[in-house]
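Numbers 15 to 109, taken from the numbering used here, label the letters of the sequence shown in order.
All C-beta atoms in this analysis are idealised placements derived from N, C-alpha and C, irrespective of residue type, glycine included.
Here is the structure we will look at.
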Amino acid sequence: AQYFATATLRTQYAAGKRLFGKGQYGMGMCDDMEVPCVYLTVLRDPVERYLSHYKYSCLNGAEGRAQWLDEWKKQGACPLDPIEFMDHIGPNLDW
15 AQYFATATLR
25 TQYAAGKRLF
35 GKGQYGMGMC
45 DDMEVPCVYL
55 TVLRDPVERY
65 LSHYKYSCLN
75 GAEGRAQWLD
85 EWKKQGACPL
95 DPIEFMDHIG
105 PNLDW
């Protein structure tokens, strides 16, 4: 909480530092800030975004193979095609 205190944010801003947040949880944050604050939305093609995630998480095994099953880790590969991988990760596409 102290990190987001107005005095701390002003000091960091004056020193050239910036704070970035990600996701829907930061919405409304600018209402409580007494320093320059903006919201930025980046839109991507949903199919390209998913295929990028598939390559990153399944094919490359990024982030310590976090979305891989133990069996795949033993095999050293994610055996799923893009559609199968989408079924594996489920409907929560907040990745």
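Can you tell me whether DSSP reads residue i as helix, strand or coil?
i      : result
Arg-32 : coil
Leu-83 : coil
Ala-21 : helix
Ala-76 : helix
Glu-62 : helix
Tyr-53 : coil
Just confirm the distance between the C-beta atoms of residue i and residue j, as a whole number of angstroms; I'd bet it's less than 8 Å.
i      : j      : result
Cys-92 : Leu-73 : 6 Å
Leu-76 : Tyr-70 : Residue identity check: residue 76 is Ala in the sequence provided, not Leu. Correct: roughly 5 Å between the Cβ atoms.
Thr-22 : Gln-16 : 6 Å
Taking the alpha carbon of residue i as the point to measure from, which residue in the options has its own alpha carbon closest?
i       : options                           : result
Phe-18  : Lys-36, Ala-29 and Glu-48         : Glu-48
Ile-103 : Ala-29, Trp-82, Gly-90 and Tyr-27 : Trp-82
Leu-54  : Met-43, Thr-20, Arg-63 and Pro-60 : Met-43
For residue i, report the span of its alpha helix (DSSP H) as first-last.
i       : result
Tyr-70  : Taken as a continuous stretch (DSSP letters only), Tyr-70 belongs to no alpha helix (DSSP H), as it is neither H nor E.
Met-43  : Premise fails: Met-43 is in no alpha helix (DSSP H) and is neither H nor E.
Asp-101 : 96-103
So does residue i have its beta carbon nearer than 8 Å to some heavy atom of the ligand ATP?
i      : result
Glu-62 : Absence of the ligand ATP is noted for the structure shown, with no ligands found whatsoever.
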